[in-house]
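In the numbering used here, the protein residues as written are 4 to 135.
Next comes the structure, spelled out in structure tokens:
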């Protein structure tokens with residue numbers, strides 16, 4: 004199949020398929036006229052890359068999953084390296100969540116401090132700064 008058909012069937016853009024090629028995740032055969040020729044294994048790989056992206060694993064980190072499929076496994080996460088990539092993704096999420104929680108606590112603390120500093124006389128003072 005041609006690149007446009009592959010992209011359409013996988014639910015990605017032609018540009019995305021070319022990006023996956025640059026990353027070395029998809030390597031199509033070339034016809035005598037120079038056109039790329041994709042098969043069902045390429046389609047499977049591109050769909051897997053798209054699904055991984057939906058979980059937060061970017062194409063640049065999809066290599067273990069694609070290699071696992073390429074080695075004949077029925078599922079891309081049957082290999083230890085794939086599970087390691089999952090763990091890494093979870094660790095990154097945990098770190099991001101912890102950072103967001105710290106930021107939230109700081110923001111809530113600043114809001115509480117600001118509200119505690121407003122004297123009764125300043126309430127309804129006609130300040131022109133609108134509340135958000």
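Every residue gets a Cβ at the ideal spot worked out from N, C-alpha and C, and that includes glycine.
- Along the chain, which unbroken stretches of the alpha helix (DSSP H) at least 4 residues long are found entirely within the segment 5-89? 6-13, 17-25, 43-57, 66-73
- Item | Burial state of residue 6, where buried means 16 or more other Cβ atoms lie within 10 Å | buried
- Item | Backbone CA spacing between residue 114 and residue 105 [nearest angstrom] | The straight-line gap from Cα to Cα measures roughly 14 Å.
- Item | Spatial distance of residue 19 from residue 10 (CA atoms) | 8 Å
- Stretch pair the segment 11-30 + the segment 50-70: three plus CB contacts closer than 8 Å: yes
- Smallest Cα separation from residue 72: which of 59, 60, 44, 97? Looking at 59, 60, 44, 97, the one whose alpha-carbon comes closest to that of residue 72 is 44.
- Could you give the C-beta distance for residue 33 and residue 39, rounded to a whole number, given that I count them as a contact under 8 Å? Contact holds; Cβ gap of about 6 Å.
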